Structure formats: C-alpha cells, structure tokens
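Here the protein sequences come in this chain order: A and B. Read left to right, the first sequence gives residues 1 to 366 (our numbering). Read left to right, the second sequence gives residues 367 to 666 (our numbering). Cβ coordinates follow ideal geometry from the N, Cα and C atoms, glycine included. Treat the numbers as computed from the prediction; the structure is a model and nothing was measured.
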Amino acid sequence: MATAAINIHGVSKVYNPGSPQAVQALDTVSLTIHDNEFFTLLGPSGCGKTTLLRLIAGFEQVTGGEILLFEEGIENLEPSQRPVNTVFQHYALFPHMTVAQNVAYGLERLKKPKDEIRLTVDRVLSLVKLTELANRRPSQMSGGQQQRVALARALAPSPKVLLLDEPLSALDLKLRQAMREELKQLQKETGITFVFVTHDQEEALAMSDRIAVMSNGEVQQIGSPTEIYEHPVNRFVADFIGDTNFIDGEIISVKDDLVSCRISANTVFEAEDSGNHKPGDQVTLFLRPEKITLTSDAQIVNGESHAGKVTNIIYLGNQALLSVDLGNDIELTAQTRPREDGNLPFAVGDSLLVEFSKRALRVLAK
Amino acid sequence: MSSWLPTNPSSRRWLGLAPTYLVIGIFMLIPMIIMGTYSFMEANPYGGVKPVFSTAAYLQLAWEYDLDGTLVFNPGYLKIIWRSIGLSTMATVICLIFGFPVAYYITLQPENRRNFYIYLITIPFWTNLLIRTFAWIIILGRNGVIELPLLSLGIIDKSLRMMYSDGAIAIGLTYSYLPLMVLPIYASLEKLDFRLLEAASDLYSSRLEIMTKIVIPLSKPGIIAGCILVFIPCLGAFIAPNLLGGGKKLMLGSLVQFQFASARNWPFGSALSMLMLAVVVMALIFYARGAKKRAAGAES
C-alpha cells in the first residue's frame with residue numbers, strides 16, 4: 001500500500017511516573033497508519049486509544065518509543081507545530097466566535113492571506129453543509145451542527161492527518177449513522193488520513209479501512225473490518241466486536257485446518273483452526289449467532305445438527321436473539337428473523353434443531 | 367396549611383421578592399434619596415443642613431463668588447475630580463496587570479489547593495485597612511524600609527521622596543483593592559474550558575495567541591467586573607490619599623470626607639457624592655452600550 005503517514009514504534013505512556021498513582025496507559029504499542037487511510041483505534045474506555053491520539057497530537061509526551069509523522073520525528077514539536085488537527089470529543093468550539101471565525105482560526109494563525117482564508121472557509125463550510133449558518137455562534141446550534149463545525153475547523157488548514165476523538169459519541173443514533181457515511185465520504189474526497197478513535201464497534205466496522213483493537217494499553221489486533229470480525233485473534237477481540245458464543249473444549253484430533261474438539265462427555269464439534277493446535281490442547285471455540293441456522297424439524301438431518309430447546313428470547317425488531325439449550329451444559333445464542341407476519345418462528349420452550357457449518361466454528365488461541 | 371399566604375400567583379411572586387426589595391430600599395434607595403435631598407439644601411455651619419432649597423452646593427463644584435459678588439470659574443475641585451479619575455484608572459490598570467496572572471496561576475493549580483490560595487488572597491481583609499495603609503508609610507517613608515538600606519549601601523545619597531506623591535497613593539490604592547480584581551477574574555477563569563486551550567494550540571496558536579485570542583476574551587466578564595470593583599472604591603477612597611498623599615494630594619473620596627467631618631459643608635459633600643455617582647453610572651452605561659454594540663456586530 002501507499003506510504004506510511006504515522007509510524008508508532010514501541011510507544012509507552014505512563015501517567016504520573018514514579019508516584020503511587022502511576023498509570024500505564026500504553027505499553028510498547030507499535031503500528032503503522034498508511035497515507036490516505038481511514039484508520040480506527042477501537043477499544044473500551046481506558047484502553048489507551050485516546051492517549052495514543054493525544055500523543056500524536058502532541059498534548060502528551062511519550063514515556064518510551066517514538067512517533068514518526070511521514071518519516072519524521074515529532075517529539076520536539078509543540079501541538080501548534082504539528083501538521084495534524086483534532087476533532088475533539090466535546091468539539092471544544094470557541095464560544096466567543098462565530099462559525100466562520102472558528103473555521104478561519106487555524107488559517108489565521110498560519111498567517112494565510114485574507115482572500116485565501118475567505119475562500120477556504122467558504123469551501124470547507126459548504127463541504128460540511130453549513131454555509132447558511134456561518135454567522136451563528138456555537139451556542140445557537142444543535143449538537144450535530146456543532147459537530148460539523150468542529151470537523152470544518154479541523155479540516156480548514158488542510159492537515160496531513162486528521163485525528164478524531166469519538167466525535168460522534170454525543171449525537172443521537174440517527175444522526176450518528178448519517179454522520180458515519182458523511183465522514184467516510186469526506187475522507188475519500190479530501191484524501192486526508194483519518195485516525196478515528198471510538199468505543200463503538202459498529203462505527204468502526206462501518207467506516208474504517210483498517211481497525212486496531214486495543215485493550216489495557218496494548219494493541220490486540222490490527223486488520224480490515226472483515227478480518228477483525230471473522231478472524232479475531234483472541235477472546236477479547238471476538239467478544240468486543242459483535243455478539244459471540246464461546247465454547248470451551250479439548251482438541252482430540254487434527255486434520256489439516258480442521259480439528260475435532262470435545263465439548264462434553266458425549267459432544268464433539270468440528271471446527272476450523274488457523275492456530276496450529278495439537279490434540280490435548282484446551283481451546284475456546286467461537287461462533288457468531290447469525291451463522292447458526294434454526295429449524296423446527298424434529299428429525300436430525302446430518303451430523304452437524306443438534307437438538308435443543310429455547311430458554312429465552314430477546315426481541316430486537318428486525319431480529320431476535322434466542323438462547324438455546326443443547327443439553328450437557330451447552331447453551332448457544334442464535335439469531336433468527338421474524339416471519340413476514342411479524343411473529344417469531346419460535347417461542348420459549350420450543351424444541352428445535354441447531355445447525356452450523358464447521359467452517360463457522362473457529363478455534364481461538366486460548 | 368399556609369392559608370394566610372395570598373393565592374394569586376403574581377402576589378406570591380411579590381411576596382417572595384419582598385426581602386430583596388426591602389434590602390435594596392433600606393440600604394440603597396433611601397440613603398441615596400437623603401443624599402440627593404441634602405445636596406439641594408443649605409449648609410448649617412454647626413453640621414447638618416438647613417431645610418432651605420439651594421443649588422449653592424452644585425455651583426461650588428466649579429464656580430466661586432468673587433469678592434465683589436460675581437461668579438467666577440474655579441477649576442480647583444474639577445481638577446481634584448480629574449486627578450481622582452486618573453489615579454483610580456492607574457490603580458485599576460496596575461491591579462489588572464498584577465491581578466490577572468495571579469488569578470490565572472490559581473486556576474492552574476489542583477482543585478484542593480485553589481481554595482487555599484483564594485483564602486490567602488483574602489487574609490489582608492482581616493486587618494483594618496487603616497493599619498495596613500500605615501504600614502506603607504513605614505515602607506515608603508523617609509528612612510523607611512526601602513530607603514534605609516539603599517542609603518546605607520550608598521546606592522542613593524538622598525531621600526527618594528516616595529511618600530506624599532501620586533505614586534504613593536497609587537501604590538496604596540493598588541494594595542488595598544488588588545483582591546477585588548483577583549477574585550472576579552478567578553471566578554470567570556475557573557469556568558474556562560481548558561480543552562479550548564488544547565484546541566487553540568492544535569490550531570497552530572502560540573502561547574501568546576492562546577492568551578490574547580482565547581483566555582483573555584473568554585475571561586472578559588471577570589476582567590470587567592474586577593475593573594469596576596476596583597475603580598469605584600478607588601474613586602471614593604480617602605484612607606490611602608489622606609495617609610500616603612499627606613492630605614496635600616486630595617482625591618474625591620478625601621474631599622467628600624473633609625466636607626462632612628471638618629468643613630461642615632454637608633450639602634457640598636453630598637453634591638460631590640452625586641457627581642461621583644454620575645461619573646460611575648456614566649462609565650457603566652458607556653460600557654453597556656459598547657458591549658451591546660460588540661454583540662450586535664458579531665451577530666451581523
């Protein structure tokens with residue numbers, strides 16, 4: 001792929017080093033963000049994703065390692081000297097300035113000619129569809145509009161990298177979904193590298209070219225949305241992204257990339273393994289609820305079907321999540337859709353058949 | 367259960383606000399009316415006023431009767447008023463220059479330490495202003511704390527004559543009212559969203575630009591409140607001008623005090639006070655107009 005926009009080499013960050021309140025926010029994190037990429041740092045709160053963003057922006061100093069921006073060290077540069085701009089979580093718009101003044105602020109500090117500033121402000125405001133509101137104050141605008149102003153203000157100086165710190169988290173669901181598309185579109189149009197921080201896995205999957213899943217100050221996995229969702233490298237990633245069934249078992253035989261795994265005394269599942277496990281290894285299998293097919297036919301069709309009983313239903317409108325008891329202490333969550341008349345095909349207490357392909361059941365490194 | 371209370375909502379509102387009106391009425395409105403009335407009466411040479419209508423007190427502000435009974439212009443009192451405004455402005459500006467950084471510094475401290483610093487700022491108020499101003503005589507005076515070491519080290523060979531000057535008065539005023547500048551500025555800086563400073567620095571602002579473009583504009587309400595709180599008592603101050611100005615350098619406040627205490631000319635003292643009130647009110651109206659215009663300018 002293209003050149004690297006940001007290289008992060010073994011970066012660590014400790015807050016209050018040496019004191020009893022010392023907190024290790026990042027532990028030797030290394031990753032590369034490509035130019036023109038929509039890169040997402042995804043993880044639960046406290047995983048270090050925002051710290052990493054603040055290190056790139058220059059609001060914090062690294063405790064160890066280094067950050068390169070287009071191959072150049074930026075350690076000694078103040079935030080005001082770095083060609084990156086930030087969209088802050090709470091927007092941090094200047095309340096004493098109009099929208100246009102907010103957007104022009106960075107350009108004025110860069111001492112751009114007045115005409116150029118005016119043209120750029122107009123262009124950026126039309127990009128985020130705020131031309132009519134140029135003379136409003138931030139306090140006179142809705143959350144979604146303020147969000148666009150924050151975006152416009154950060155885009156106006158044409159940064160090499162745009163850092164976005166959970167910019168959508170304060171918006172309501174509809175607006176958030178609309179902004180996702182707009183952000184993705186904006187990134188394509190401007191060709192600026194976006195580094196997007198979020199704890200919302202849906203957001204990450206919908207927008208990103210690549211995602212880095214973080215937890216406890218470490219990067220767990222880096223990959224495309226499909227890789228992260230379909231081939232999580234560990235239980236944390238599989239659990240954090242989407243709904244998942246975890247099944248513990250012991251490998252009894254291995255054949256190419258398929259393993260047979262004993263789940264309980266008289267249950268054996270076949271599963272895909274890319275981790276080179278050996279017979280006797282204790283492993284965790286994972287299975288996404290939407291890969292499970294449910295049928296009410298009481299006859300076992302083939303070896304991959306298992307009889308079960310519905311113990312609980314969570315109705316979500318366009319789908320429902322069913323808890324199915326397979327006996328032997330095995331319970332799976334499966335997904336089903338309502339029928340055309342709107343009713344669910346199953347009710348609590350129904351007996352049914354559970355089917356899933358052995359390719360859908362995957363072994364996680366324990 | 368409270369059946370004696372009026373049931374009609376607007377009467378209830380009046381009842382709720384009654385204490386406020388009572389306080390404003392007793393402690394502000396009535397004294398001001400008395401002062402205004404006195405200023406239009408004749409002076410009683412033994413103190414107090416004679417209940418006879420007269421505009422003599424206001425005439426005395428700028429004119430006096432010559433020996434032959436004609437009115438001639440006498441700018442003496444106007445000069446004192448002008449000097450008072452000048453000295454008060456000077457003290458206000460010095461208070462602002464010293465007070466703003468102090469307030470900003472306190473804002474940057476951890477939360478539990480801020481209250482301690484604010485407490486420190488208010489400590490001088492616990493001692494009588496008169497005594498604290500006397501201390502300045504010892505500091506600034508001939509062979510005082512500043513002069514004596516300089517003289518004995520041979521850095522200067524004669525007195526600096528710091529006392530009994532406009533400078534001494536300005537120092538005294540600044541010292542007296544500095545906390546009144548720090549506290550309102552601190553109050554508005556404390557509400558400042560420090561994430562805005564990060565945003566400004568992210569958008570290529572130098573430290574100086576962060577100050578001039580973000581911090582100062584956003585703490586303007588506190589700066590203005592501080593300036594008003596310092597300027598007005600400076601104008602009416604009489605302890606610092608009397609002690610540090612030696613009575614030779616009169617200010618408006620000391621002039622008023624003199625009329626009531628020594629000269630026994632209450633109407634003239636009242637007229638001077640009314641004039642002072644007019645100056646302050648005009649300054650406030652001027653500011654309010656400016657603020658409205660600025661706000662309108664930003665909207666359009």
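Asked                                                                                                                                                                                              : Found
Where do the N-terminal and C-terminal ends of the alpha helix (DSSP H) with Phe269 of chain A fall, by residue?                                                                                   : It is not in any alpha helix (DSSP H) - Phe269 of chain A instead sits in the beta strand (DSSP E) that spans Thr267 to Glu272.
Taking Cβ positions, are Phe38 of chain A and Gln187 of chain A nearer each other than 8 Å?                                                                                                        : yes
Enumerate, from N- to C-terminal direction, the unbroken alpha helix (DSSP H) stretches of 4 or more residues contained entirely within the segment 4-37 of chain A.                               : none
Can we say the segment 81-89 of chain A touches the segment 148-164 of chain A, given the rule of at least three CB pairs closer than 8 Å?                                                         : yes
State the Cα-Cα distance for the pair Gln21 of chain A and Cys47 of chain A, rounded to the nearest angstrom.                                                                                      : 17 Å
Considering only residues of the segment 73-123 of chain A, which uninterrupted beta strand (DSSP E) runs meet the minimum length of 3 residues and lie entirely inside it, listed in chain order? : 84-87
Check the Cβ-Cβ distances between Asn318 of chain A and every residue of chain E, and say whether any is below 8 Å.                                                                                : Of the protein chains in this structure, namely A and B, none is chain E.
Could you work out which residue in A:Ala4, A:Gln24 and A:Leu53 is closest to His34 of chain A when comparing CA atoms only?                                                                       : A:Ala4
Name the chain B residues whose beta carbon is nearer than 7 Å to that of Ala57 of chain A?                                                                                                        : Asp568
Would you kindly work out how many angstroms separate the C-alpha atoms of Leu296 of chain A and Asp341 of chain A, rounded to a whole number?                                                     : For clarity, residue 296 of chain A is Ser in the given sequence; the question names Leu instead. Ser296 of chain A and Asp341 of chain A: Cα-Cα distance of roughly 18 Å.
Assess contact between the segment 463-476 of chain B and the segment 547-564 of chain B, defined as three or more Cβ pairs (one per stretch) separated by less than 8 Å. Is contact present?      : yes
At least one CB of chain A closer than 8 Å to the CB of Pro583 of chain B: is that the case?                                                                                                       : yes
Taking 8 Å as the limit between beta carbons, can you name the residues of its chain near Arg180 of chain A, skipping five residues before and five after?                                         : Leu168, Glu203, Ala206 and Met207
Apply the 10 Å Cβ neighbour rule to Ile582 of chain B and answer buried if 16 or more other Cβ atoms are within range, or exposed otherwise.                                                       : exposed
Give me, in chain order, the residues of the same chain whose beta-carbon lies closer than 6 Å to that of Phe194 of chain A; leave out the 5 immediate sequence neighbours on both sides.          : Phe38, Leu162 and Gln187
To the nearest whole angstrom, what separates the beta carbons of Leu643 of chain B and Leu618 of chain B, a pair I think is in contact under 8 Å?                                                 : The Cβ separation is near 11 Å, so there is no contact.
Looking only at its chain, what residues have a beta carbon closer than 6 Å to the beta carbon of Lys309 of chain A, apart from the 5 residues adjacent to it on each side?                        : Asp325 and Ser351
Are Tyr530 of chain B and Gly612 of chain B close, meaning C-beta to C-beta below 8 Å?                                                                                                             : yes
Asn343 of chain A touches chain B at which residues, Cβ-Cβ below 8 Å?                                                                                                                              : Going along chain B, no residue has its Cβ under 8 Å from Asn343 of chain A, so there is no contact; the nearest lies around 51 Å.
Listing by chain order, which chain A residues have their CB less than 7 Å from the CB of Glu575 of chain B?                                                                                       : Arg109
Give the straight-line distance between the Cα atoms of Pro279 of chain A and Val363 of chain A, rounded to the nearest whole angstrom.                                                            : 13 Å
Under 8 Å, do Val197 of chain A and Leu53 of chain A count as touching if we go by C-beta distance?                                                                                                : yes
Going by C-alpha distance, which of B:Met407, B:Ile589 and B:Ile535 is nearest Tyr552 of chain B?                                                                                                  : B:Ile589
Entirely within the segment 391-420 of chain B and at least 4 residues each: give me those alpha helix (DSSP H) ranges in chain order.                                                             : 396-405
Could you tell me whether the Cβ of Thr86 of chain A comes closer than 8 Å to any Cβ of chain B?                                                                                                   : yes
In the segment 121-196 of chain A, which residue ranges form an unbroken alpha helix (DSSP H) of at least 4 residues, counting only runs that do not cross its ends?                               : 143-155 and 173-190
Under a Cβ-count criterion, where at least 16 other Cβ atoms within 10 Å of its own Cβ denotes burial, should Lys49 of chain A be classed as buried or exposed?                                    : buried
Strictly below 7 Å CB to CB, what residues from chain B border Tyr105 of chain A?                                                                                                                  : Leu569
Distance check for Gln177 of chain A and Ser19 of chain A, CA to CA, integer angstroms please.                                                                                                     : 43 Å
By the criterion of Cβ-Cβ separation under 8 Å, what are the contact partners of Pro79 of chain A in chain B?                                                                                      : Glu564, Ser567 and Asp568
Would the segment 229-237 of chain A and the segment 259-271 of chain A be scored as touching if the rule is three or more Cβ pairs under 8 Å?                                                     : no
Indicate the three-state DSSP secondary structure (helix, strand or coil) for Thr540 of chain B in the structure shown.                                                                            : helix
Thinking C-beta only, is Leu107 of chain A closer than 8 Å to Ile117 of chain A?                                                                                                                   : yes
Rounded to the nearest angstrom, how far is the Cβ of Glu166 of chain A from that of Gln220 of chain A, given a contact under 8 Å?                                                                 : Incorrect: roughly 19 Å between the Cβ atoms, too far for contact.
In whole angstroms, what separates the C-alpha of Ile522 of chain B from that of Ile512 of chain B?                                                                                                : 11 Å
Given this structure, state the Cα-to-Cα distance separating Pro159 of chain A from Tyr570 of chain B, to the nearest angstrom.                                                                    : 11 Å
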